[in-house]
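Residue numbers (the working numbering), protein chains in the order written: chain A, 591 to 664; chain B, 2 to 172.
Every residue, glycine too, gets a C-beta built ideally from N, C-alpha and C.
Since we're looking at a predicted model, the values are computed, not measured.
Worksheet: one structure, shown below.
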Amino acid sequence: MADETLDASGLNCPLPILKTKKALSKMGAGQVLEVISTDAGSVKDIEAFCNQTGNKLLSNVEDGGKFVFTLEKV
Amino acid sequence: MSDDNKMTIIATKGTFDWAFPPFILASTAVAMDKEVTMFFTFYGLNLLLKDTSKMRVTPIGNPSMPMKMPFGPKWLQKIDFGPKIPNVVWNIPGADRLVTWMMKKTMQKHGVAKLEELRAMCLEFDVKFIACEMTVELFGYKKEDFIDGVEFGGAATYFDEASTGNHHLYL
Chain A
591 MADETLDASG
601 LNCPLPILKT
611 KKALSKMGAG
621 QVLEVISTDA
631 GSVKDIEAFC
641 NQTGNKLLSN
651 VEDGGKFVFT
661 LEKV
Chain B
2 MSDDNKMTII
12 ATKGTFDWAF
22 PPFILASTAV
32 AMDKEVTMFF
42 TFYGLNLLLK
52 DTSKMRVTPI
62 GNPSMPMKMP
72 FGPKWLQKID
82 FGPKIPNVVW
92 NIPGADRLVT
102 WMMKKTMQKH
112 GVAKLEELRA
122 MCLEFDVKFI
132 ACEMTVELFG
142 YKKEDFIDGV
152 EFGGAATYFD
162 EASTGNHHLY
172 L
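What follows is the structure in structure tokens.
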């Protein structure tokens with residue numbers, strides 16, 4: 591279960607990343623953030639974001655044009 | 002934060018369209034834990050003005066610019082008017098206003114952030130903004146014309162900022 595959910599539907603690059611960063615900055619280490627995006631580019635971008643920031647990408651699911659990511663804050 | 006993590010962007014263009022790439026890259030880089038400095042020189046100074054309402058995009062001398070309708074029936078939205086309309090048409094007074102308005106509508110429709118929003122995010126994430134002092138004077142700007150949080154400095158200040166790190170972009 592996620593501690594927080596961020597709905598970034600309808601937003602385009604780089605907003606899903608920026609909003610993810612903002613949401614994570616308000617959370618504690620080990621907490622889980624769920625990000626919902628409709629931007630297909632965010633699939634690669636969220637992965638890259640996690641690579642660089644050390645946050646853990648727990649899952650990445652596509653559900654009818656929506657991309658749902660679960661991130662664990664480092 | 003290690004010095005390797007630093008990055009700089011030199012922003013030199015001041016039209017509405019070219020205002021986006023520097024802020025998009027800077028805000029994303031800083032969100033990915035980089036330490037970012039932006040140096041604004043020549044027309045890039047426009048990006049730091051309090052009043053950005055005069056920024057325009059024009060198809061004049063801009064042959065790569067696609068021109069598609071942001072609204073209307075699907076078949077109409079697919080047509081790229083860019084190569085179809087002669088450049089002379091864009092000399093009609095007010096044409097650049099219309100084109101700028103259309104680009105804003107298209108961006109809105111695609112969920113692209115507003116310029117001011119991206120700029121505010123950069124500041125919120127502590128991106129350092131440096132305005133080139135020489136061009137500020139050259140173009141007759143006053144320091145009050147610029148948003149809060151802008152520092153002023155010259156080329157040497159830029160190179161001091163860019164002395165470490167491995168991403169330095171000229172846009």
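Query                                                                                                                                                                          : Result
How is A/F657 classed by DSSP in three states: helix, strand or coil?                                                                                                          : strand
I want to verify the contact list: residues of chain B whose CB lies under 8 Å from the CB of A/I607, in sequence order.                                                       : T29, A32 and M33
For a test of the three-state rule: what should DSSP assign to B/S164, helix, strand or coil?                                                                                  : coil
For A/G655, would you say it is in contact with chain D, using Cβ-to-Cβ distances shorter than 9 Å as the test?                                                                : The structure shown has no chain D; the protein chains it does contain are A and B.
Return the CA-CA distance between A/G631 and A/N641, expressed in angstroms with no decimal places.                                                                            : 16 Å
Compute the Euclidean distance between the alpha carbons of B/F41 and B/A156, then round it to the nearest angstrom.                                                           : 10 Å
Checking 9 Å against the spacing of the C-beta atoms, do A/L623 and A/E652 come in under that value?                                                                           : no
Scan the segment 126-159 of chain B for residues whose Cβ lies nearer than 9 Å to a Cβ of chain A and list them as they occur along the chain.                                 : F126
Got a sec, what are the start and stop residues for the beta strand (DSSP E) B/A132 sits in?                                                                                   : K129 to C133
Check each candidate in B/D52, B/A114, B/L77 and B/T165 and name the one with the smallest Cα separation from B/F147.                                                          : B/D52
Hey, is B/S28 close to the ligand GTP, as in C-beta under 8 Å from one of its heavy atoms?                                                                                     : In terms of ligand content, the structure shown is empty, and the ligand GTP therefore cannot be addressed.
Tell me which same chain residues have a C-beta within less than 6 Å of the C-beta of B/M2, skipping the five on either side of it?                                            : In this prediction, B/M2 scores a pLDDT of 49, lower than 50, which makes its location untrustworthy; the coordinate-derived value is nonetheless stated afterwards. So the qualifying residues of the chain are E36.
Are there 16 or more other CB atoms within 10 angstroms of the CB of A/K611, so buried, or fewer, so exposed?                                                                  : buried
Count the other C-beta atoms from every protein chain shown that fall within 10 angstroms of the C-beta of B/Y171, then say buried if there are 16 or more, exposed otherwise. : exposed
Note down the Cα distance separating B/P94 from B/M68, rounded to an integer number of angstroms.                                                                              : 18 Å
Taking 9 Å as the CB-CB limit, is A/K663 close to chain B?                                                                                                                     : no
Are the C-beta of A/V658 and some C-beta of chain B separated by less than 9 Å?                                                                                                : no
Taking just the CA atoms, how far does A/P606 sit from A/D597?                                                                                                                 : 9 Å
What residue range does the beta strand (DSSP E) around B/F40 cover?                                                                                                           : E36 to F41
I'd like to confirm the pairing. Which residues does DSSP put opposite B/K7 in its beta bridges?                                                                               : B/E36
For chain A, check one thing: does any of its Cβ atoms lie closer than 9 Å to the Cβ of B/V113?                                                                                : yes
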